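If you read the sequence shown in UniProt numbering, its first letter stands for residue 1, the second for the next number, and so on. No residue lacks a Cβ here, since even glycine has one placed at the ideal position from N, Cα and C. Only a predicted model underlies this, so the values are computations on that prediction, with no experimental measurement involved. Beneath this line is the structure, given in structure tokens, with notes to follow.
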Amino acid sequence: MVRQFHDGMTARVTDNGTVSEAFAGNNRVKQGCILAPSPFSLMFSAMLMDAYRDEQPVIRIAYRTDEHLNSQRMHATTHVSTATVHDLFFADDCALKTVTEEDMQRSTNLLFVGCANFGLTISIAKTVVMHQPRASAEYNAPRINVNGAQLKNMKTFAYLESTLSRNTRIDHEVAQQISEASQAFGRLQASVWNRHGIHLKTFAYLGSTLSRNTRIDYEVTQQISEAIQAFGRLQASVWNRHGIHLNIKLKMNKAVVLTTLLYGEETWTIYSNQARKLNHFYLSCLRRILKLR
């Protein structure tokens, strides 16, 4: 079914109000399509399998889980495990990992050929290199090329709010996080930290309300109010329509109004007077749907 959805795909380009002639879309996926990540992931995986079917440079990471970040214990011959890593992925990003510069160039060449076989290209502007030598080794900038173009060497590299560094230390990232936390603290200086007498009686979070006295009276009132609005929005289009069967109206009431009324109820400690309020409102909705006085 997914293949039939893409077979015979055509597209047009709009430029300054002018629409081009339709042209065939022989590769790539539909822009904005919710299916796009899945077929792209399948194609990307197939491309990598094809690119590295004969050889695959890897690195091995040694680790152990029985000590509290004690690096000296990594030299032991027992209780140390190893993991093999070649490439790391997130969405459409790929990071190649090798031990030597020669292996990295070879791995990059294989990836370039694999991409070309599948109609993909490596973005030179978005592709960078980072060499992390041993602590005792001298740093020598590697020269990695993609189709004759040399890639840029990075001292630090930020990705998904984290920062990798050439020396494998996290000083830069710690300083960055402290800076951002300092800004967050500063934004609340006048409105919270310097304000006297700020004591919350209720606190709303993810559609639920916590109260100082641990009771849910306020939340029950709030949910009834939202359920009234949900019921009212369907007054003309559903409840007052004669062409809609009664069973459909009751199902709509249960799916829309009741779920709104009882949102977050799994965390409630409910008392009889609160239950009576909820039941009274829900029965009034049923009476209005059934045209009962």
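Label Gln223 either buried or exposed according to how many other C-beta atoms from any shown protein chain fall within 10 Å of its C-beta, with 16 as the threshold for buried. Counting every other CB atom within 10 Å of its CB across the protein chains shown gives Gln223 a total of 16 or more, marking it as buried.
Take the Cβ of Val220 as the centre, count every other Cβ of all protein chains shown within 10 Å, and call the residue buried at 16 or more, exposed below. It is buried - the Cβ of Val220 has at least 16 other Cβ atoms within 10 Å.
For Ala83, three-class secondary structure by DSSP: Ala83 falls in the strand class under three-state DSSP.
For Ala51, collect the residues of the same chain with a Cβ closer than 6 Å to its Cβ; drop the 5 residues on either side in sequence, then sort them by chain order. The residues are Leu110, Leu111, Gly114.
My output table needs one value for Val19: the three-state DSSP class, helix, strand or coil. When DSSP states are grouped into helix, strand and coil, Val19 belongs to the strand group.
What's the C-alpha gap between Ser41 and Asp93? Cα to Cα, the separation comes out at about 11 Å.
With a threshold of 8 Å, are at least 3 pairs of Cβ atoms found where one atom belongs to the segment 159-171 and the other to the segment 127-141? The segment 159-171 vs the segment 127-141: in contact.
Whether Val80 touches Arg64 by CB criterion (8 Å): Closer than 8 Å, so yes.
Any idea what DSSP makes of Phe118, helix, strand or coil? In the structure shown, Phe118 sits in coil (DSSP, three-state: anything other than H, G, I, E or B).
Given that a residue counts as buried once 16 or more other Cβ atoms are within 10 Å of its Cβ, and exposed if not, what is Thr77? Per the 10 Å Cβ criterion, exposed.
With a threshold of 16 other CB atoms inside 10 Å of the CB of Pro57, please say whether the residue is buried or exposed. That one is buried.
Pair within 8 Å by beta-carbon distance, Gly32 and Ala11: The Cβ atoms of Gly32 and Ala11 do not sit closer than 8 Å to each other.
Exposure label - Phe23; buried when at least 16 CB within 10 Å: Exposed, because fewer than 16 other Cβ atoms sit within 10 Å of the Cβ of Phe23.
Is the beta carbon of Val238 closer than 8 Å to that of Lys251? No, they are not a contact pair.
Determine the contact status of Phe281 and Ala204, defining contact as a CB-CB distance below 8 Å. Taking a C-beta distance under 8 Å as the contact criterion, Phe281 and Ala204 do not qualify as a contact pair.
Residues that Val128 bridges to, as DSSP identifies them: According to DSSP, which records beta bridges pairwise, Val128 is partnered with Lys152.
Determine the burial state of Val85: buried for a count of at least 16 other Cβ atoms within 10 Å of its Cβ, exposed for fewer. Val85 comes out exposed.
Among Phe118, Thr18, Phe5, the one whose alpha carbon lies nearest that of Lys30: Out of Phe118, Thr18, Phe5, Phe5 has the C-alpha closest to the C-alpha of Lys30.
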